[in-house]
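**Q**
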Amino acid sequence: MEDVIVQDWNEVWKTRLALNRSTPAFREGADLWSGREQARRYADRSEAGRHARVAEALADLAVAPGDRVLDIGSGPGTLALPLARAGASVTAVDPAEGMLAALRAAAKRERITDITTFPGLWEEINPDRDLDPPYDRVVASFSLGMPDIRSALAAMDAAASGSVHLYWFADEPLWERIYLALWEDLHRAPYHPKPKADCLFNVLFGMGIYPNVLMRPLEGATTFATVEGAVEHFAPRMSAETPRQRAILYNYFEKHLVRRDGGLVLTGSSTYATIWWRKRG
């Protein structure tokens with residue numbers, strides 16, 4: 001009888017994430033978004049499809065006034081702010097101080113007082129010591145950059161009393177397709193994509209957690225006033241600093257931006273996964 005080889009999906013995730021982070025000049029997370037101005041521009045950048053995506057997440061989470069929500073990788077408050085408006089008490093965790101500053105500023109403008117921010121990487125936080133579990137909902141929306149994803153998911157499950165909700169890419173989103181198209185020209189080395197939702201499902205299955213999975217379209221549409229505006233938006237994310245690199249970006253966006261409603265729009269469609277489960281017991 002032949003031996004059956006069992007795939008360790010946590011190791012697959014680690015390997016793919018390590019390869020992604022080995023991409024020369026690649027930046028993400030706190031390294032990219034700690035600056036307040038960069039985070040503010042990110043928060044202000046309108047994206048067609050974001051409102052629909054947030055509405056879908058709010059329907060998934062179905063919070064009631066007084067529910068406690070842990071938002072892991074909150075960014076500038078994409079979910080934290082509407083959850084608080086719905087009456088939830090939100091704890092927002094993010095490694096980038098710039099993002100948390102943008103969140104706090106928005107909450108102050110709206111006079112929202114029921115959002116608590118905590119800076120740090122999820123994998124370096126001790127929820128029992130640093131936070132206040134359990135939470136009715138635990139959510140991680142496009143923020144799953146933890147190398148040991150099995151441990152990270154186990155900690156999310158332990159922090160929940162109700163349900164855990166993950167949102168992650170099923171294939172390459174628009175921004176990653178741009179990276180794949182341009183990185184080698186920019187940095188003379190290929191870009192390696194992030195691990196995708198197949199790893200998450202299989203890791204959870206191996207943990208004895210059998211989640212619900214729903215695939216949804218992810219529509220990307222970002223509007224710029226000029227081609228130069230698109231270059232300014234993407235240059236920090238793609239570590240494009242020299243005139244040669246910025247010219248590569250300019251030539252790409254000059255070809256791919258579509259004029260619409262008085263602006264220049266960058267569009268692209270992909271698929272993302274909604275993965276969620278109720279806490280046992």
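According to full-length UniProt numbering, the stretch in the sequence shown is residues 1 to 281, in order.
Just so you know, even glycine gets a beta-carbon here, dropped at the ideal spot from N, CA and C.
What's the call for residue 143, buried or exposed, on a 16-neighbour Cβ count within 10 Å?
**A** Classification of residue 143: buried, given that the 10 Å Cβ count is 16 or more.
**Q** For residue 272, list the residues DSSP reports as bridge partners.
**A** DSSP, once it has assigned bridges, lists 169 and 216 as partnering residue 272.
**Q** Which word fits residue 185, buried or exposed, when buried means at least 16 other C-beta atoms lie within 10 angstroms of its C-beta?
**A** The residue in question, residue 185, is exposed, as its Cβ has fewer than 16 Cβ neighbours within 10 Å.
**Q** Can you tell which of 78, 192 and 136 has its C-alpha closest to the C-alpha of residue 94?
**A** Of the listed residues, the one whose Cα sits closest to residue 94 is 78.
**Q** Quick check on residue 135: does DSSP put it in helix, strand or coil?
**A** Looking at residue 135 - three-state DSSP - the assignment turns out to be strand.
**Q** Would you call the segment 223–231 and the segment 193–212 in contact, with 3 or more CB pairs under 8 Å?
**A** The segment 223–231 is not in contact with the segment 193–212.
**Q** Let me make sure I understand the geometry here. Which of 20, 188, 133 and 88 has the alpha-carbon closest to that of residue 240?
**A** Considering only alpha carbons, the answer is 188.
**Q** Do you know whose CA, among 73, 88 and 72, lies nearest residue 58's CA?
**A** Of the candidates 73, 88 and 72, the one whose C-alpha sits nearest the C-alpha of residue 58 is 88.
**Q** Using only the alpha-carbon positions, how far apart do residue 286 and residue 196 sit?
**A** Given a span of 1 to 281 for the chain in the structure shown, any question on residue 286 remains unanswerable.
**Q** In terms of residue numbering, what span does the alpha helix (DSSP H) encompassing residue 92 cover?
**A** Run containing residue 92: none in the alpha helix (DSSP H); it sits in the beta strand (DSSP E), 89–94.
**Q** Take the Cβ of residue 7 as the centre, count every other Cβ of all protein chains shown within 10 Å, and call the residue buried at 16 or more, exposed below.
**A** Label assigned to residue 7: exposed.
**Q** Expressed to the nearest angstrom, what Euclidean distance is found between the alpha-carbon atoms of residue 13 and residue 20?
**A** Roughly 10 Å between the two C-alpha positions.
**Q** Looking at the strands, I want to know which residues DSSP matches up with residue 180.
**A** DSSP output for residue 180 lists no bridge partner at all.
**Q** Taking the Cβ atom as the reference point for each residue, do residue 67 and residue 90 lie within a distance shorter than 7 Å?
**A** Contact flag unset, no.
**Q** Give me the Cα-Cα distance between residue 69 and residue 256, rounded to the nearest whole angstrom.
**A** So the alpha carbons of these two residues sit roughly 39 Å apart.
**Q** Going by DSSP, what residues sit across from residue 118 in a beta bridge?
**A** 93, per the DSSP bridge assignment.
**Q** Quick one: is residue 262 buried, meaning 16 or more other Cβ sit within 10 Å of its Cβ, or exposed?
**A** Exposed.
**Q** First and last residue of the alpha helix (DSSP H) that includes residue 58?
**A** Here the alpha helix (DSSP H) through residue 58 covers 50–61.
**Q** With which residues is residue 27 paired in a DSSP beta bridge?
**A** In the DSSP output, where bridge partners are listed per residue, residue 27 has none listed.
**Q** At what residues does the alpha helix (DSSP H) containing residue 258 begin and finish?
**A** Premise fails: residue 258 lies in the beta strand (DSSP E), 258–260, not in any alpha helix (DSSP H).
**Q** In the DSSP assignment, find the unbroken alpha helix (DSSP H) run with residue 231 in it and report its ends.
**A** Start and end: 227–234.
**Q** Look up residue 72 in the DSSP assignment and say whether it is helix, strand or coil.
**A** Looking at residue 72 - three-state DSSP - the assignment turns out to be strand.
**Q** By DSSP's criteria, residue 140 is part of a beta bridge. Which residues make up the other side?
**A** Beta-bridge pairing links residue 140 to 72 and 166.
**Q** DSSP state of residue 47, grouped into three classes?
**A** Any reading at residue 47 needs caution, since the residue's pLDDT is 49, under 50, leaving its predicted position unreliable; the model's value is listed next. Here residue 47 sits in strand by DSSP.
**Q** Mind checking which residues open and close the alpha helix (DSSP H) that includes residue 12?
**A** That run of the alpha helix (DSSP H) goes 9–21.
**Q** Going by the DSSP bridge assignment, what does residue 278 pair with across the sheet?
**A** Answer is 163, bridged to residue 278.
**Q** Can you tell me whether residue 53 is buried or exposed, with buried defined as 16 or more other CB within 10 angstroms of its CB?
**A** Result: buried.
**Q** Using the Cα positions of residue 140 and residue 61, report the straight-line distance between them to the nearest angstrom.
**A** Cα to Cα, the separation comes out at about 12 Å.
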